[in-house]
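Residue numbers (the numbering used here): 5 to 426.
Ideal Cβ positions, reconstructed from N, Cα and C, are used throughout, including at glycine.
Report on the structure given below.
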RNA sequence: CGGGGAGUAGCGCAGCCCGGUAGCGCACUUGACUGGGGGUCAAGUGGUCGCGGGUUCAAAUCCCGCCUCCCCGACCA
């Protein structure tokens, strides 16, 4: 999707000179606590005269480099994307959700008009939503971040918020509109059609390996993870069941008689011939989240069928091998749909509408999920929510003309979603 | 940075208080029985007890110092 919409892959340096990093005041202020610095080098570990920052994100290195490629409105838009890892020196890390180093995709774009840049930010958010919902089967709430939660240096930040099965929210992607903030800091300008110098309008956006964590926590159960068919490396696993060599040969012949059909139907599958017991294999592949499992023994071979078990319900069904490719194709599509619907239902069942801070505090003492409420926009009130409701934060804000602020009771400017989040 | 806890076999732990030269579960190896939901039995492999020093005839155990990790809080997303 990213490439099809005209973005090119670029690669920018890992290490950022201090002077570059320091240029956008809000940006550096926001990231300062998490930046790792290279301060020594060489066999004697000598102090560097000028420390180098390990990129926590790449705006500050891309700015000074990209400006050379942008001179005229004819050079715009400049649409770049970079796959890399970044380092944020978190005090407390959490596997997949907040690690000190993580792999991601960061897009950085430069435009001749604010309108175009804002459209870009919305376009990408749509792509991210599609990745979350259509591929990972994770329903997401989208909206703007409150000023306190906005990316440092951005005019506004759009976000996707998913709900994990423990009813905590997780930010699964962000898309930022910078206006001319970064262009001003790095003097990224172009000659417009009137032959005047004008600062670029820029954006950045990213999704990371945190999505792996989201996948695990949005669908997993006590038996392990559940991987949506569309992204599953193995969509169907076949577990042969036999006692002796003779039985094995029979089952093997049977499987070989229809396994090519799976391949022809484009189904990613594997036959598990490991020297383990069937029960171990069942548990093993359930743990790994393989959507469909086929148990195949001598009795099935005789009957010309297999026993199909789906990871979601664990219900067993007999499936004739005739036309098995098409049948499994359908089953996988259904699985994808059901998984998404289950997550949607969970999100619906854990979404509430409340009016006062007292209600919100009481609610989050008992449970989690998303709570919709109204907010006047005062950051003091936002801070009060966080302290009094025990870490509850505003996840998204939408313009609103109705309702009263849940904290101060004054007419609200925004409709907000609240949640405890990772 | 504040509070708490833990370092003993690949993993999870007991033993420490009351010193006597290390044990349990899982995993692993071999064999037999087994095999349609994580099996049973038997025999095995595997450990400088986080590091350094001290006390003692003798230290996983007692004393001193150090290192590392985890949890809660603060911070961040």
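Alpha-carbon spacing of residue i relative to residue j, whole angstroms
i: residue 403; j: residue 263; result: 55 Å
i: residue 89; j: residue 15; result: 11 Å
i: residue 97; j: residue 374; result: 24 Å
i: residue 147; j: residue 41; result: 34 Å
i: residue 104; j: residue 212; result: 13 Å
i: residue 201; j: residue 62; result: 25 Å
i: residue 325; j: residue 345; result: 29 Å
i: residue 225; j: residue 244; result: 25 Å
i: residue 394; j: residue 365; result: 8 Å
i: residue 185; j: residue 31; result: 10 Å
i: residue 37; j: residue 400; result: 24 Å
i: residue 319; j: residue 285; result: 17 Å
i: residue 315; j: residue 355; result: 26 Å
i: residue 53; j: residue 21; result: 11 Å
i: residue 149; j: residue 33; result: 18 Å
i: residue 44; j: residue 51; result: 4 Å
i: residue 83; j: residue 112; result: 6 Å
i: residue 196; j: residue 6; result: 27 Å
i: residue 368; j: residue 8; result: 43 Å
i: residue 181; j: residue 159; result: 6 Å
i: residue 397; j: residue 173; result: 10 Å
i: residue 442; j: residue 308; result: Limits of the chain in this structure are 5 at one end and 426 at the other, which puts residue 442 out of reach.
i: residue 77; j: residue 199; result: 9 Å
i: residue 138; j: residue 183; result: 30 Å
i: residue 10; j: residue 86; result: 14 Å
i: residue 106; j: residue 235; result: 20 Å
i: residue 215; j: residue 101; result: 8 Å
For residue i, the residue or residues it bridges with in DSSP
i: residue 309; result: 324
i: residue 418; result: 379, 403
i: residue 57; result: 20, 41
i: residue 225; result: 228
i: residue 107; result: 89
i: residue 244; result: 300
i: residue 142; result: Residue 142 pairs with nothing; no bridge assigned.
i: residue 356; result: 375
i: residue 114; result: 82, 206
Per-residue DSSP class, three states only, for residue i
i: residue 19; result: strand
i: residue 269; result: coil
i: residue 185; result: helix
i: residue 297; result: strand
i: residue 160; result: strand
i: residue 254; result: helix
i: residue 14; result: coil
i: residue 362; result: helix
i: residue 190; result: helix
i: residue 132; result: helix
i: residue 7; result: coil
i: residue 119; result: helix
i: residue 175; result: strand
i: residue 210; result: strand
i: residue 426; result: coil
i: residue 169; result: coil
i: residue 201; result: strand
i: residue 52; result: strand
i: residue 76; result: strand
i: residue 66; result: helix
Contacts around residue i, its chain only, beta-carbon distance under 6 Å, and the 5 residues preceding and following it disregarded
i: residue 328; result: 262, 265
i: residue 177; result: 132, 164, 211
i: residue 108; result: 210, 212
i: residue 313; result: 297, 320
Same chain, Cβ closer than 8 Å to residue i, neighbours up to 5 away in sequence not counted
i: residue 378; result: 359, 404, 406, 407, 408, 409, 410, 416, 418, 419, 420
i: residue 300; result: 242, 243, 244, 245, 255, 258, 259, 310, 311
i: residue 75; result: 194, 195
i: residue 294; result: 231, 236, 238, 239, 240, 241, 315
Close-in-space but distant-in-sequence residues of the same chain around residue i (CB under 7 Å, 5 per side omitted)
i: residue 71; result: 190, 191, 192
i: residue 351; result: 143, 167
i: residue 35; result: 60, 156
i: residue 381; result: 417, 418
i: residue 17; result: 65
i: residue 330; result: 269
i: residue 55; result: 22, 41, 42, 43
i: residue 322; result: 309, 311
i: residue 387; result: none
i: residue 392; result: 361, 365
i: residue 68; result: 24, 190
For the structure I just gave you, are there three or more beta carbon pairs, one from the region 210-226 and one from the region 256-272, closer than 8 Å?
no
The region 228-236 / the region 114-133 touching (three or more Cβ pairs under 8 Å)
no
Taking one C-beta from the region 157-166 and one from the region 119-138 each time, how about it: are there three or more such pairs within less than 8 Å?
yes
Any contact between the region 275-286 and the region 336-345? By contact I mean 3 or more CB pairs, one from each, below 8 Å.
no
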